């Protein structure tokens, strides 16, 4: 009898903690969304409803360009880092591969080093080699920090791989290429998509490494937003942020859909 | 015998294939991850120039970086990382526990709620706190209208705001690894301990906590290390009187007069600190695992 009471207290405590953390996590975001409709030019209390900052957003060329840059960098770095990820994960499948330790070290070390150090080291590399910073240097940087993630995600998918399928296909006389495209690739696909989505999100989200590797005149959205906040003209930032949150939610929903479709198609 | 030879030949072929497949990533990381650090090491021994570096050997950067000038910076960053990690464990544990013990159907939904902020753009999440905490912000507005306070609180641009937003941003990084160990935890062990007379508290400290150690380690790494090099959060919600390591490094690279040797030396000290920490944690983790087996 006594035990049940304590368990209930325990559960109540955890539920309370969970609810408080939810409030903590969502209040600022909710306020941001509500205040994107606030009719005020500076940070202030509620001054009335307006949608004019959303209209300003559409007319703002700098934002549109930053958006295009962000998507371009995210798309290209996702594509390239995912290809690196697929190749590396396939190479690492061989447990007796003599370069296993070296490759593992190079893949895992970037993950346990603060981001800012990658930014600093790439900034110095581009200075030392006198490469002009801009789109290309940002792309290089994004591929560099995405590789570790794509390799690990795709590798973890391959770890649970059922090799009896491959053996069965070989016994039936299938060619290696057929085995790869008909069996292995479809089974890897959910991992590849998860890796690509992760790389895409990381790329869109990155501020600090982009900050160190982009020159003047090449802004991604986070760089643009930070500059605008620093200059204090925040009118369009609320509405822009709200749209970006919407985009995130959209991504969450489609990932779930994509996953479901994939699982049902297998 | 014959078969043995063919076996090794087959393995050689496989090994070569593995090298070929991993070479693109290997080369890429060599050029854009490893070599840049060599340049950082070289630059840390050079003399600064207003816009660039002079290729003259000097130890000034290290002398200054390890001197009294930067003591406060190192202390602030270390304190921030420790406090953020501790608060994330304290807040994250009950949350992860709650999700791990929820019904299977509910679990995924609860996890999505934790992941959504994690997927929302970092800079937006930081910015939303500025709206909330600013002098003329929403929190002060509500508190004044409710008559709780007479004058606005100055939370924005303090070290407290920095810690608050750090916890906010890094909490999901703690909850997810904690959840993944707690989810695998065998709760009948707790039941057994209590049947044998242990109370809830004792069962928690003797069973749940040791078994969750792996998740706490993983989560702490994911929070502590980035917190040491934090730039954006202190920059956007902190003040210019207490500068954190990430800010100092960034200013030395971005602001004119530049001091790249200084930025390099500070970066390498940070890297060294992280390496020492990782080795320590790893040793600790191994020991705790060995002890558990006894």
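Residue numbers (this note's numbering), protein chains in the order written: chain A, 4 to 269; chain B, 18 to 311. For each residue, glycine too, the CB sits at the ideal point set by N, CA and C. All figures in this text were calculated on a predicted structure; none of them were measured in a lab.
Item to complete: Kindly indicate if chain B contains any beta-carbon less than 8 Å away from that of residue 222(A).
Response: no
Worksheet entry | Nearest-angstrom Cα separation, counted from residue 69(B) out to residue 49(B) | 21 Å
Worksheet item: How about residue 46(A) and residue 178(B): do their beta carbons lie closer than 8 Å?
Response: no
Worksheet item: Hey, out of 161(A), 84(A), 253(A) and 41(A), whose CA is closest to residue 147(A)'s CA?
Response: 84(A)
Discussion item. Is the separation between the beta-carbon of residue 14(B) and that of residue 248(B) shorter than 8 Å?
Written reply: Nothing about residue 14(B) can be read from this structure; chain B reaches only from 18 to 311.
Worksheet item: What's the call for residue 67(B), buried or exposed, on a 16-neighbour Cβ count within 10 Å?
Response: exposed
Discussion item. Taking 8 Å as the threshold (C-beta atoms), are residue 258(A) and residue 190(A) in contact?
Written reply: no
Worksheet item: Three-state secondary structure (DSSP) at residue 169(B)?
Response: coil
Item to complete: Rounded to whole angstroms, what's the CA-CA distance from residue 57(A) to residue 97(A)? Just pull it up for me.
Response: 53 Å
Discussion item. Quick check on residue 237(A): buried or exposed, where buried means 16 or more other Cβ atoms within 10 Å of its Cβ?
Written reply: buried
Discussion item. Buried or exposed, going by whether 16 or more other CB atoms sit within 10 Å of the CB of residue 112(B)?
Written reply: buried
Item to complete: Could you tell me the boundaries of the alpha helix (DSSP H) in which residue 63(B) lies?
Response: No alpha helix (DSSP H) contains residue 63(B), which DSSP labels as neither H nor E.
Worksheet item: DSSP on residue 221(B), reduced to helix/strand/coil?
Response: helix
Fill in: Bridge-paired residues (DSSP) for residue 41(A)
52(A)
Worksheet entry | Neighbour flag for residue 269(A) against chain B, beta carbons, 8 Å | Here residue 269(A) scores only 48 on pLDDT, less than 50, and its place in the model is too uncertain to base an answer on.
Worksheet item: Taking 8 Å as the CB-CB cut-off, is residue 54(B) touching chain A?
Response: yes
Discussion item. To be precise: take each residue of the stretch 177-198 of chain A, compare its Cβ to all Cβ atoms of chain B, and keep it if any distance is under 9 Å. Which residues remain?
Written reply: none
Item to complete: Report the three-state DSSP secondary structure of residue 70(B) (helix, strand or coil).
Response: strand
Worksheet entry | Contact belief for residue 202(A) with residue 152(A) at Cβ below 8 Å, rounded distance in angstroms | 6 Å
Fill in: Check whether residue 42(A) and residue 53(A) have beta carbons under 8 Å apart
yes
Discussion item. Helix, strand or coil, according to DSSP, for residue 81(B) in the structure here?
Written reply: helix
Worksheet item: residue 229(A) versus chain B: which residues are under 7 Å apart at the beta carbon?
Response: 140
Worksheet entry | Secondary structure of residue 274(B), DSSP reduced to three states | coil
Worksheet item: Who are the near neighbours of residue 302(B) in its chain, counting only those whose CB is closer than 7 Å to its CB and skipping five residues on each side?
Response: 234
Item to complete: Compare the C-beta of residue 247(A) with all C-beta atoms of chain B and state if any pair is closer than 8 Å.
Response: yes
Discussion item. Assuming residue 102(B) and residue 244(B) are in contact, meaning their beta carbons sit under 8 Å apart, how far apart are those beta carbons, in whole angstroms?
Written reply: 7 Å
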